[in-house]
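This report refers to the structure that appears directly beneath it.
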Amino acid sequence: MVFGWGKKKNIEYTEPKETVHPVSQMVTLDEIPKILGDIVILRKGTLAAEIKSYRNRIDPQREIILKIANELSEDELNPDDLDPHFQIMVNRGKKEVISAIKKEFSNPFPEINSPDDVLRFKKASTAGINKVGDMLGKHSRVIHIFAKKYAKKLTNDLKNLTENLKEVDGLIDNFTITENSVETILELLSSREKTLQKVSKQNLRINELNISIDEKKQKIEELTSVIKKIKNSSDYKNYLDIKSELSDCNSEEIQIRHSIDDEFTKISRPLGKFIHISSHDKDLKDLTAKLSSTPYDVLDANNTSGIKNVLDSIITGINSGSVSVKDISKSNDNIEEIKNKLPSLISIKEKFETKKHELILKLEKFDLKHLQTVEHDLKHEDDNVSDILSKLKIFEDETLDLTNSLPTILHNIETNLKDVTSTSYTISLDTR
């Protein structure tokens, strides 16, 4: 076997690794702003140091490009053999490129002695490099054709400047991310504090509403007791009895009306005929019409004479033939019967009306204003309790949502704090 050609079995050895569990540091909410402030100060200082390093690397490149521009300004580029039109283009392109470089790169880029100098440096250097780059781009063909030995050098050096500046932008962007994360954490802290304040206010309002409900319920109990006392009184029971009697009167009145209507129904035909042929005055005509439709309403002592007059006139009309009926004798008998019953019918109505009127007067003697006022107050308090319970439900739901949001806010603070500090923190709410 030739040395080195055989296959040698490789034995792999893996060194055992100890599993390290990161320990979470405890931190209170009050300590977080200082931690963030220290991080920002530290990273500002680091940012300034790193960008200062880039600045010290970039500025010599600026000087090199400025030196190339000075060399280019002294080089005639031999455009005399060119067409006059091209000569003008070459000279103008050369002049504008040199002018741009000298204008932007004659002075050193701003020094960086503190974090506040970073953005000033970035602004000045970016503006200068962009303007020179734009001018070189504008006259790219002229420079590459008639100034080849300068074109490549200018392009490479400007490219290096741009790449270094991108590194600077990256560092600043990273620091901006840190600042934004810090701002997010501070906003979360403020949000938590505002949420706690709102929860506290909501709880105070909930307590006030609960107290108000208790007061209203006590008031309701008092009003209910007053109403119960009134309704258990002998006066109120007497009132209900009279009211019941008055209610019974309605049924009695219907029966009396029906009975009287039945009597006058017997002469409804001659009454109806007589209405159209009567020459009586208006009052008697109206009386006749009501006797035909609602006799109960006109039966009283004052109308007795008029009613008899109407009935007598109907008999006269029947006998004379002006009021046509099927059976003259029967019709006359029915009319005479009603005339004889008039005092009895009127008496029945008057007794009923007197009884009803007396019940109404008795009912009016009872003062229900106090009961009605208490019942109105009771309804008002019941409505108030319903309104307060509705408001209470809204406040309780809002408070529950706010309370449930607090753990999420704390978790977001811990997550963002870890991203900013690269340290795992657990927030302690222990105020000891």
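For reference, each letter of the sequence shown is one residue, going 12 to 443 in the working numbering.
All C-beta atoms, glycine included, are put in the ideal place defined by N, C-alpha and C.
Computed from a predicted structure; not experimentally measured.
Where residue i falls, given that 16 or more other Cβ within 10 Å makes a residue buried
{"i": "M146", "result": "buried"}
{"i": "G104", "result": "buried"}
{"i": "H32", "result": "In this predicted model, H32 has a pLDDT of only 45, less than 50, meaning its place in the structure is not dependable; the value taken from the coordinates is given anyway. With fewer than 16 other Cβ atoms within 10 Å, it is exposed."}
{"i": "K163", "result": "exposed"}
{"i": "N185", "result": "exposed"}
{"i": "S255", "result": "exposed"}
{"i": "P281", "result": "buried"}
{"i": "S136", "result": "buried"}
{"i": "K227", "result": "buried"}
{"i": "N81", "result": "exposed"}
{"i": "L199", "result": "buried"}
{"i": "S342", "result": "buried"}
{"i": "I4", "result": "The chain is shown from 12 up to 443; residue 4 falls before or after that span and cannot be answered."}
{"i": "L58", "result": "buried"}
{"i": "N314", "result": "buried"}
{"i": "S435", "result": "exposed"}
{"i": "D127", "result": "exposed"}
{"i": "G148", "result": "exposed"}
{"i": "T299", "result": "buried"}
{"i": "G139", "result": "buried"}
{"i": "A111", "result": "buried"}
{"i": "K20", "result": "With a pLDDT of 39 at K20, under the threshold of 50, the modelled position of that residue is not reliable, and no figure is offered here."}
Check whether residue i and residue j have beta carbons under 7 angstroms apart
{"i": "L77", "j": "F116", "result": "yes"}
{"i": "V334", "j": "F275", "result": "no"}
{"i": "N345", "j": "I278", "result": "yes"}
{"i": "I357", "j": "L310", "result": "yes"}
{"i": "L382", "j": "I241", "result": "yes"}
{"i": "K239", "j": "E392", "result": "no"}
{"i": "Q10", "j": "L165", "result": "As shown, the chain starts at 12 and ends at 443. That puts residue 10 outside it, with no answer to give."}
{"i": "F120", "j": "D70", "result": "yes"}
{"i": "F406", "j": "R216", "result": "yes"}
{"i": "I62", "j": "I123", "result": "yes"}
{"i": "M37", "j": "S433", "result": "no"}
{"i": "I399", "j": "S211", "result": "no"}
{"i": "L421", "j": "K209", "result": "no"}
{"i": "L234", "j": "D388", "result": "yes"}
{"i": "T437", "j": "S35", "result": "yes"}
{"i": "I446", "j": "D168", "result": "Residue 446 lies beyond the stretch modelled for the chain, which goes from 12 to 443, so this question has no answer here."}
{"i": "R54", "j": "T187", "result": "no"}
Among the options, nearest to residue i - alpha-carbon criterion
{"i": "E194", "options": "E375, I46, H287 and I438", "result": "I46"}
{"i": "K402", "options": "G148, E219, S316 and H381", "result": "E219"}
{"i": "N415", "options": "N395, I359, T206 and N221", "result": "T206"}
{"i": "S340", "options": "S270, D408 and I325", "result": "I325"}
{"i": "A60", "options": "A111, K376 and S125", "result": "S125"}
{"i": "K404", "options": "N221, K114 and R203", "result": "N221"}
{"i": "S64", "options": "A312, D408, Q208 and V179", "result": "V179"}
{"i": "V321", "options": "N191, L295 and S245", "result": "L295"}
{"i": "N141", "options": "K170, D128 and D127", "result": "K170"}
{"i": "V143", "options": "V129, K134 and K114", "result": "K114"}
{"i": "Y247", "options": "T39, K373, G48 and I50", "result": "K373"}
{"i": "I43", "options": "S201, G181, N118 and A138", "result": "S201"}
{"i": "S244", "options": "D394, T305, L379 and E263", "result": "L379"}
{"i": "K390", "options": "A312, E232, V336 and D323", "result": "E232"}
{"i": "N249", "options": "S304, D323, E375 and D292", "result": "E375"}
{"i": "D273", "options": "E263, R68, P354 and T305", "result": "T305"}
{"i": "A312", "options": "N118, K362 and D441", "result": "K362"}
{"i": "E347", "options": "D323, K293 and S355", "result": "D323"}
{"i": "K177", "options": "K134, S192 and T327", "result": "K134"}
{"i": "N191", "options": "K106, R68, G48 and S262", "result": "G48"}
Rounded Cβ spacing between residue i and residue j (contact assumed at less than 8 angstroms)
{"i": "V487", "j": "I196", "result": "Here the chain has residues from 12 to 443 only, and residue 487 is not among them."}
{"i": "N214", "j": "T410", "result": "6 angstroms"}
{"i": "I271", "j": "Y307", "result": "5 angstroms"}
{"i": "V396", "j": "V237", "result": "Not confirmed; about 17 angstroms, so no contact."}
{"i": "L302", "j": "I288", "result": "Wrong, their Cβ atoms sit about 15 angstroms apart, outside the cutoff."}
{"i": "R66", "j": "L417", "result": "At roughly 46 angstroms, the Cβ-Cβ gap does not stay under 8 angstroms, so R66 and L417 are not in contact."}
{"i": "I371", "j": "L257", "result": "7 angstroms"}
{"i": "C260", "j": "K367", "result": "5 angstroms"}
{"i": "I183", "j": "V129", "result": "7 angstroms"}
is_contact[residue i, chain D] using C-beta, thresh 7 angstroms
{"i": "L169", "result": "Protein chains in the displayed structure number just one, and chain D is not present."}
Residue i Cβ short of 6 angstroms to the ligand MN heavy atom set
{"i": "S223", "result": "Of the ligands one can find in the structure shown there are none, so the ligand MN has no counterpart to examine."}
Quiz item: Counting only runs that start and end within the region 192 to 261, where is the alpha helix (DSSP H) found for 4 or more residues in a row?
Solution: none
Quiz item: Considering only residues of the region 338 to 414, which uninterrupted alpha helix (DSSP H) runs meet the minimum length of 4 residues and lie entirely inside it, listed in chain order?
Solution: 339 to 376
Quiz item: What alpha helix (DSSP H) runs, 4 residues minimum, are completely inside the region 294 to 345?
Solution: Listed in chain order, they are 306 to 309 and 315 to 331.
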